[in-house]
Amino acid sequence: MSDVYITILLPVAIVITMFGLGLTLTMADLARVFQTPKAAVVCLFCQVLVLPAIAFGLVVSFGLAPELAVGMMLLAASPGGPSASLFSHLAGGDVALNIAVTAINSVIAMVTFPIIAEVSMAHFLGEGRSIGLQADKLIQVVVTVVVPVVVGMWVHHRYTAWAQRMRGPVKVGSVIVLVAVIIGAVSQQYDVLLDNAGTLTVITLLFCVCSLTIGYFVPRLFRVGLEQAVASAMEIGIHNAVLAITVAITVLDNPTMAIPPAVYGILMYFPVALVAYGFARRAGVANLEIVSD
1 MSDVYITILL PVAIVITMFG LGLTLTMADL ARVFQTPKAA VVCLFCQVLV LPAIAFGLVV
61 SFGLAPELAV GMMLLAASPG GPSASLFSHL AGGDVALNIA VTAINSVIAM VTFPIIAEVS
121 MAHFLGEGRS IGLQADKLIQ VVVTVVVPVV VGMWVHHRYT AWAQRMRGPV KVGSVIVLVA
181 VIIGAVSQQY DVLLDNAGTL TVITLLFCVC SLTIGYFVPR LFRVGLEQAV ASAMEIGIHN
241 AVLAITVAIT VLDNPTMAIP PAVYGILMYF PVALVAYGFA RRAGVANLEI VSD
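Going by this note's numbering, the first residue of the sequence shown is number 1, and it counts up by one from there.
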């Protein structure tokens, strides 16, 4: 694995991604979540507990290779990606909920990532493969995830007009960075990808469909509003693949584990786009009926 890719591209990718999130986040967004916490709590419950269980069931059912199975577990532990708010907006969801939950879950992931990594590596690779995460590596991940969000929030507060103008370019930059990270991860493990392409395609697409389904219907079961349920579906369906890839390569020092998040980072947008289109059409019909009445 290229030293430039590990020491420069991955940290820069995370910093840009999380800084872009911070530019869209205000204290009012966080306060709103705490004022109406049910939607956020249900969404976080699904992300932190339900999705890892779903991912575990899929990799066991399909007999995925051990290191790739761990990579899927890291993906399941990752928070929502920055583009969740964009797709939520297109689908008529509560964008403020997306932004706030992404920020909160990014912090929670700093605790859940090591736990899921330890447990999944012990299960799939054997008890002797303890990762022994070093404190400096964890601090590096925390700094590259949390600090850019805080800085982005400060910039938004201090230079609001500039932050609003930069939201679009930063989102485009995040997509470009995601593509670059995925290309880098895949290019280093191309043979592994080819050998497991079929299985990974099926597993990642199934995982995405399950994530979208759980993200929408579980909140509705708890009588969460329609807009918030749509936002939850986008939040849970779109994972921060860059974060999962970064942890796999820089913390766990295992590029093979980065392959499932890389594949998911590409394929997730197909079912997500279809679902967002369906929600948008439904919202358009509903609005038309309200106007006609």
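C-beta atoms are modelled at their ideal positions from N, C-alpha and C, and glycine is treated no differently.
Note that the C-beta distance between F124 and P66 is below 7 Å. Here G80 carries a strand assignment [DSSP, helix/strand/coil]. Closest by C-alpha distance to V145, out of C43, R282 and A13, is A13. By the Cβ neighbour-count rule, H157 is exposed, with fewer than 16 other Cβ atoms within 10 Å of its own.
P261 and A241 do touch by the CB rule: their CB atoms are close to 4 Å apart, below 8 Å. Annotation: the region 35-109 contains no complete segment of the beta strand (DSSP E) (minimum length 3 residues). Between the C-alpha atoms of V155 and L21 there is a straight-line separation of about 11 Å. Counting only residues of its own chain and dropping the five nearest sequence neighbours on each side, V177 has a CB closer than 6 Å to the CB of A13 and I16. In this structure, T204 lies away from L243, with their beta-carbon atoms at least 7 Å apart. Within the region 176-259, the alpha helix (DSSP H) runs of at least 4 residues that lie entirely inside it are, in chain order, 190-221, 226-237 and 241-246. Assigned with DSSP and collapsed to three states, G126 falls in coil, not helix or strand. With a cut-off of 8 Å on Cβ pairs, the region 217-232 is not in contact with the region 243-252, counting fewer than three such pairs. The DSSP-derived three-state label of T26 is coil. Setting aside the 5 residues that flank it on each side, V95 is surrounded in the same chain by S85, S88, H89 and A231, each with a C-beta closer than 8 Å to its C-beta; the list follows chain order.
CA-CA distance, A258 to E235, rounds to 21 Å. Note on geometry: alpha-carbon atoms of V59 and W162 lie some 45 Å from one another. Using a Cβ distance threshold of 7 Å, A91 and A273 do not count as a contacting pair.
Here A77 is near F113, since their CB atoms are less than 7 Å apart. Judged by beta-carbon spacing, M18 lies within the 7 Å limit of V149, meaning their Cβ atoms are closer than that value. Taking C-beta atoms as the reference points, F62 and T199 count as a pair closer than 7 Å.
Distance from the Cα of I54 is smallest, within the candidate group V263, L206 and V41, for L206. Contact between L23 and M166 holds: their C-beta atoms lie close to 6 Å from each other, under 8 Å.
Contact between I182 and G80 does not hold, since the beta-carbon distance rounds to 17 Å and is not under 8 Å. By the Cβ-count criterion, I99 is buried, with 16 or more other Cβ atoms from all chains shown falling within 10 Å of its own Cβ. A straight-line Cα-Cα distance of about 24 Å links L25 and F279. The Cβ atoms of V101 and C43 sit closer than 7 Å to each other. Note on geometry: alpha-carbon atoms of T160 and S120 lie some 43 Å from one another. When the beta-carbon positions are compared, L212 and A197 stay at least 7 Å from each other. Contact between V224 and A39 holds: CB atoms are separated by about 5 Å, below the 8 Å threshold.
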